[in-house]
Structures are given as structure tokens and as C-alpha cells.
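According to mature numbering (1 follows the signal peptide of the UniProt record, and there is no 0), the sequence shown holds residues -27 to -1, 1 to 717 in order.
Each residue gets a CB set at the ideal place from its N, CA and C atoms; glycine is no exception.
To keep things clear, I will list the structure first and then write my remarks on it.
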Amino acid sequence: MKKLLRTLPLAALIALVMVLATSCSQTSDLSMQEDVDKMLEVTGEATDEAEDVAYKLAYDMELADDSTGFRTAGSDAEHRAADYLVEEFEKIGLEDVTKDAVTVDKWQFNEAYMNIDYTDKDGESQELNIDDMVSYAAQGTVQLGGDYSNLEIVDLGMGTEAEYQEYYENSGNTDMSGKIALVGVDQWNEVWIDGPYMEAATQNAAAIVSYSMGGYAQYDDDTINIQDICAPDMKMPCTSISKNDAERIQKILKNGTDITAELYVDNEVGSQNGTSYNVTGTIKGTENTGQRIIVAGHYDKYFYGFEDDCTAVGLVTGIAKALIDSGYQPANDIVFIAHGAEEWGRFDTSTDWAIGSWEMITTAHPEWQGSTLALINFEMPSVDSFNDVGVMRTSYELGEIGNTLFSSGLINQVDSYYADGVEVKNDDGELPRTDCISYQFNGVPAFMPRQEDKTEWSQNRYHTPKDDNNVEDDKGDGVHSKELLEYQLSVYSALAMYIDGTPALELDFTSRCDDLEDAIKGTKKYATEESVKAYKAALEDLRTAAAENLEAAKGINAEYEEAYAAGDEKAMAEARAEGVAHNQQVLAAFRYVQDQFMGLADYGTIEVHHKAIQNNLDLYTNVVDALSDGEVTEDDIWLPSEINGYYEYYAYLFSDEVCALSNSLLMNDKVDSNWGTDKMTLAIKDSWQTTKNMYAQWNEGVTDAGEYQQYVDEYNGYIDILKADLQEYVDSETAAMKELREML
């Protein structure tokens, strides 16, 4: 899962409902109540199974590629883990267990270390051995060949273009040939590793050795962090060490002489040369509906990856066991998937994660599109961050189902793990950072439990060796909770049974209308008044149709429940058939929404197409106003950094080559098919050049606004381009709302 670099505000109108999931003796009269009760009788043993699978996946070193525990896209360990999961799925009684092969960019980390020889201040020969080192998805020294046994090390701070230039001026060197760039990164508050990595390669460094100087890996200074690289293959090693080891190197650079380093990195990567396996097993439906519900997690990982995401795959297995052991016979297929290649799987894109799931729904099983009722996906499901409120994240249209699960009485006998219950947030939030995005963009609505306000856990443990089976509150950041795991198992097993038991999928498109309504606020600044009025009129008609569609689904389900209560199997079958027809309609409509309306405001935020452009227009307009008003200040100069989802920030730090590469990655110029392709509608590719030149002028001491007129004119040119793009989207979205109304 990918962590968004900066936290951006959510839409103002987030549809969410707080539901108190507390114990109560009164349960529902729903047709699936008896089945849910039986399932709840076996959750203890099912949770034991979930824990066993999680521990096996996390700590069995036969299922890891190296001593740190890595298991990455298409690696030998991922293949061994897939074989284990096949055995486990078959053991618990799943049918049609398969390993679905998908093509990914392979990454297999085997080993990395660095040995530094030097003379200390007393004239004694010394050696520093750094064995605690891991590699990003970048080439290894073994794979590249050549001599990496006699390298210099240069401390380059944050690895910016200016820091390289300063080094060249002080040293007389003109590039970094034969040298390792030692670089500190803060991937929470500053920039992702892609910037320093691409800059080091652009400067012709032999390698980059990075360490966390803030943001992540805050557990202690011996902790290493790793992330997806979000970059092309720059044909250069890129590794990560701890802050303490970096400080040891810096001390040697300051006080030692005759310093030479040997770097060894055995890291196999390649383009479209790997096979990842998505392991699937099925509880077959009894009514031949052609529909399915998917329950999933991912089994690739960094380090132990106990919470991210071994417990999720354990939970998937535990839910399957609970349903099977309780004797549940679903109407629809329930498919259980352990996805591979979630953490990383593709070069040349800023959206390089969730590749195994993307290939699953687009190439391995495209027939699932339009017939899959929902994805229930898990990420870090058993981290207790000491919150009083749990969160169920969903696609906009699934809020009705999530709320009904808790309010219906179906799981009243389940004691809530959370003092104040569970909040259903149906705003698409968090979904792009997980496998959910692959399915949602292909027409499958998604559910996912989340631990909100888990910043301390993420900054301490996420993608580090400290993502482990911690049950002691040693840092006050969160613990693994088996009790929480059982609660999630109970709730999301019941959710799958509820969706399966209701013939008609109650997708609430009025919630999506709320999103579309919020998106048009402020648009009249940039679009014609007539087009905004037409948009709003089409939206009101759509809202009416959406409400009627939801009532129709509820009517079908009410008919089914009445028939069930009366024991009328014929009427039940008729309602089920009506539901299947309804589901085909609404799933087609859901896919249409994703295709026609939804883009990305950055690599981690889903946004209505024109609203993403509007956000950028607001930023460009603010920049123009600031640079046109009297004396230019430092705050004015930094305003453009927020453009293009903060990608413009790279213009302040990195070379022209890196900025051009970065924007190409953002726009997926080199990748024909992944979940970010054609979705990044907000960006102006070349405005970084204007921002970079403007910043250079500021660094020359220029503060007179008149001297910035050239840049004001260029920014105004980008505004004109975006206004035209926005107008096209407003018009196309208006036409699409009319079409969607007819579909509903």
C-alpha cells in the first residue's frame, strides 16, 4: 500500500454515518440471520486459522527471499508463498483453487551490504561493515556488472540539484562518476525516493544509498524504511540503510582519510519479465447467478510485513473457513484471493502499486467486470491504534449497504471492538492506496476496514522491520490485536453474507450525486454560466433517477424477504432473477461513473475530472495574483509547489531531466495499462519549467513584481489551457449524467 506524500482535504460533503455496533439481544428477521448466527459460532477457530496463516506468511523464512523477509513482485519467495496458499485454501475446503498468473516487472531482493575502509585520525586502518541494508526496486551491482569495490562516498544532504552543484564547486569534480551519493529522505513531509534516485542517476552517480531523516522509520534510529520507487529503471543501485549507520558514515567522511567503499547489491529487477500469482479459491454459489463477491488481501511484503499484509491474507482465509465450517451455501460465488505484486509491480509510472490486482481484473479475469457485486479488501486489519471509533471505508455508492449492515440488527450479537462503534465513510477515501483501486476503476465497488488516526504507527512501523507481531504497547502507536482480528472476521463475514443474501445490490447513486454537486462549486469562475446551469439541471434529474433506482432495489429485496418469510420458493426465485437483472444494470452504471467522471487529483486521491482541473486552476490563479501584487515574498514564490498534486515541488529541488521524468511518470506516458493510465487529468506537463525559472530568479534576489511578468504570462497561458480542458469536462460530464440517468 502506498502512503500519500501530503494530506489533502477531502470533499466538503462527505457522506458518513456513525453506527453503534453494540451488543443487543434483538437480532433481525432477515433471511440470512440464521446463517450469520451459525457463522458466529465458529469465529474463534476461524480466527485461530487467520493467525496461523499470518504468522506463517510473516515469519517462515522459507517464504522470504532474503534474511530481512522481503517477498516482492514475481520473486521466488512469492512463488513459494503462492504454493503454500494453494495448499491452505484447499485444506480449509475451498473449491477451484488456482494460481492465476499475471505479468509484472519482477523484483527479487537477495542481499546487500557495504564495506568501508578508511584511516582514522590516529592513522590506524579501520573498516565499517554495513550489513543492515535493503534495496529499492532498482538494479543491483551483481546484475549491472562492473567494479563496485573501490568507490568514493559523498554526503549529498537531501540529494537536490543544488547540493550536487555545491559539491562540484567545492571539489572541482564535474559529475559523480565512481561515487556513491549518501542521501537523506523524508518521504512523509518532503519528497518520495524517486526524486533523489533519478537525480543521482542524472548526475552519473555509481549508486545512491539513502536513509530516513524524518517521516517514516521513526521507531528508532536503527530502523530502515523502504517504499515503492515510482520511477523508471535508471540502471543504478538504490539502497536504504538506517539513520544510525548513515551517521557512522558521515562521521568517517568528516574525520577519516583514504576512504573507499565496496558496495554489493544482489537485486533482480526487469521490465515485463516476471510472473506473479494471484491465488484464488471459491465457495460456489447454488443459484447459478453468474455473480460473485470477492474477499481479498495481498501476500507480497517488505520485511516481516505482519500487518501489511500477512494478517489480511490470514483474515481472508479465516473468513473462508468460517463460512465453510458453518455450512453456509451462498447464492453467488464467493471468491477468496491472495493478490501478489501489490506493493510494487511496474517501472515507468507514479502509480506502480496494485499491479497484481490490476492484471487480475483486466487480463486474467476480465469477465468479472460487470458481474462482481463487491470487493471486500483488507489492509492492516488487526492494528489497534487505540481508537474509540472503527472505520469502514467504501465507494460512494456502498454507504447504504454498510450502514444497513449495522442498523439491521444482523450483527447485534457481536460485541463492538470500538467503544463508540463503527463509522461508514463512503467517500472513496483511502481506496487508491490499495488493491481496491484496480477493481473500482473496472466497475467493482469496494469495502475496506481502516484504522484512522494511525499516523504514529505508520511513521514508526510502516514498511519497516517493526511491522511485526507487536502486542506490547512499547511506543504508544498501536498493537496487534487478535480480538480485533476476530471482530473484523465477524463483521466482514456477515457483510459478505448480507450482500449475497440480498438479491438486488443496493447501490446508492445519490451519494455520488453529492460528490458531483460538491465538484461544481466554484466552477463558474472558469466555465460558462450556461454550462454550469446545464450541469446542475442534469444532476437534479440524475438524483431523482438514482433515488428511484435505490427504491427499486429495496423493493426487490423486500419482496424476497416476504417470500422467504412465507416459504414461497417460487417468489424467492423470481425476486432473485429480478435482482440479477437489476445488478447488471447498476454495475454497468457504476462502471460508467468510473469511466466518465472519475480521475485522479494526484496519485492517491480520486476526484471528479473537472474538479481536479479546477483545483489546479485555483492554484495557478493564486500564483498569478501573488506575483502581480507589489513586492514578491518567499511565501509567494513557494505557492506553485502545490500544483499538479505537489509534483511541482520537484521544480524547486531537482534538475530539468528529473522534472521532465517526474511529470512523464505522473501522466503514465510510458505505461499503456495500469490504474493510473488516462486518469491524471489535472496536469500541465511543462509548467515546472516556468516554476523552476521563477525560483531561480528569486534566488538571485529579485523581489519586484514587475520582474516576474514573464512568468505571470506563462502561468496565465496554462490557465487558458486548463480552462478549455475544464469546459470540455463540464460539458462531457453533463452529457454523461443524462446518459447515466437513462441507465438507471
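Proximity winner among the options, relative to residue i (alpha-carbon distances)
i, options, result
"Glu615", "Asp218, Val164, Ile103", "Val164"
"Asp65", "Asp608, Arg265, Thr255, Ala554", "It is Ile, not Asp, that sits at residue 65 in the sequence shown. Ranking Asp608, Arg265, Thr255, Ala554 by Cα distance to Ile65 puts Thr255 first."
"Asp693", "Ala23, Gln432, Ser660, Met716", "Ser660"
"Glu172", "Asp194, Ala204, Thr196", "Ala204"
"Met5", "Ser150, Asp473, Asp33", "Asp473"
"Thr654", "Glu503, Asp195, Asn588", "Asn588"
"Asp206", "Phe563, Ile197, Ala174", "Ala174"
"Ala708", "Leu457, Ile199, Ala510, Ala624", "Ala510"
"Ser40", "Pro438, Gln386, Leu236", "Pro438"
"Gly132", "Glu35, Trp161, Glu125, Ile181", "Ile181"
"Asp481", "Asp609, Gly375, Gly187", "Gly375"
"Leu30", "Ser98, Asp21, Asn240, Asp273", "Asp273"
"Asp686", "Gln670, Val597, Asp642", "Val597"
Length of the line joining the Cα atoms of residue i and residue j
i, j, result
"Ala50", "Ala37", "5 Å"
"Val238", "Ile153", "13 Å"
"Glu373", "His582", "25 Å"
"Ser108", "Ala519", "50 Å"
"Gln557", "Asp8", "26 Å"
"Glu84", "Ala419", "37 Å"
"Tyr681", "Asp629", "20 Å"
"Val(-9)", "Glu396", "Residue confidence for Val(-9) is low, a pLDDT of 44 falling below 50, so the modelled location carries little weight; the figure read from the coordinates is stated next. Rounded to whole angstroms, Val(-9) to Glu396 spans 6 Å at the Cα level."
"Thr(-6)", "Ala392", "Confidence in Thr(-6) is poor, its pLDDT being 42 and thus under 50, which makes the residue's placement too unreliable to answer from."
"Asp90", "Arg221", "13 Å"
"Ala550", "Glu534", "14 Å"
"Cys(-4)", "Gly394", "With a pLDDT of 47 at Cys(-4), under the threshold of 50, the modelled position of this residue cannot be trusted; read the value that follows with caution. Roughly 13 Å separates the two Cα atoms."
"Ile529", "Leu3", "14 Å"
Limits of the alpha helix (DSSP H) - the one that residue i falls within
i, result
"Asn217", "216 to 228"
"Pro169", "167 to 175"
"Val115", "114 to 117"
"Asp56", "49 to 65"
"Ala492", "482 to 492"
"Cys632", "629 to 639"
"Asn143", "134 to 144"
"Asp33", "Run containing Asp33: none; DSSP gives neither H nor E here."
Residues bridged to residue i (per DSSP)
i, result
"Asn251", "Asp73"
"Leu124", "Ala234"
"His453", "Val356"
"Glu98", "Residue 98 is actually Ser in this sequence, not Glu. Answer is Thr92."
"Met421", "Arg366"
"Tyr184", "Gly157, Ile214"
"Asp677", "Glu604"
"Val107", "Ser213"
"Asn442", "Partner(s): none; Asn442 has no beta bridge."
"Lys152", "Glu125"
"Lys274", "Arg44"
"Asp39", "Asp39 pairs with nothing; no bridge assigned."
"Asp239", "Glu84"
"Ile657", "Looking at the DSSP assignment, Ile657 forms no beta bridge with any residue, so it has no partner."
"Ile256", "Ile307"
"Glu68", "Thr255"
Terminal residues of the beta strand (DSSP E) in which residue i lies
i, result
"Asp575", "571 to 575"
"Tyr86", "80 to 92"
"Gly270", "265 to 271"
"Lys398", "395 to 398"
"residue 718", "A question about residue 718 goes unanswered here, because the residues of the chain that appear run from -27 up to 717."
"Glu315", "No beta strand (DSSP E) contains Glu315, which DSSP labels as neither H nor E."
"Ile694", "No beta strand (DSSP E) contains Ile694, which is instead part of the alpha helix (DSSP H) from 682 to 716."
"Leu346", "345 to 350"
"Val581", "578 to 581"
Pair within 8 Å by beta-carbon distance, residue i and residue j
i, j, result
"Thr345", "Val417", "yes"
"Val364", "Lys398", "yes"
"Ile166", "Ser183", "yes"
"Asp514", "Phe279", "no"
"Thr496", "Thr253", "no"
"Leu155", "Leu129", "yes"
"Ser381", "Ser646", "no"
"Trp349", "Tyr465", "Position check: residue 349 holds Ile in this sequence, whereas Trp was assumed. Cβ distance < 8 Å, so Ile349 and Tyr465 count as in contact."
"Cys211", "Ala111", "yes"
"Ala46", "Val15", "no"
"Gln223", "Tyr189", "no"
Contact with chain B by residue i, beta-carbon distance below 8 Å
i, result
"Ala314", "Absent from the structure: chain B. Only one protein chain is present."
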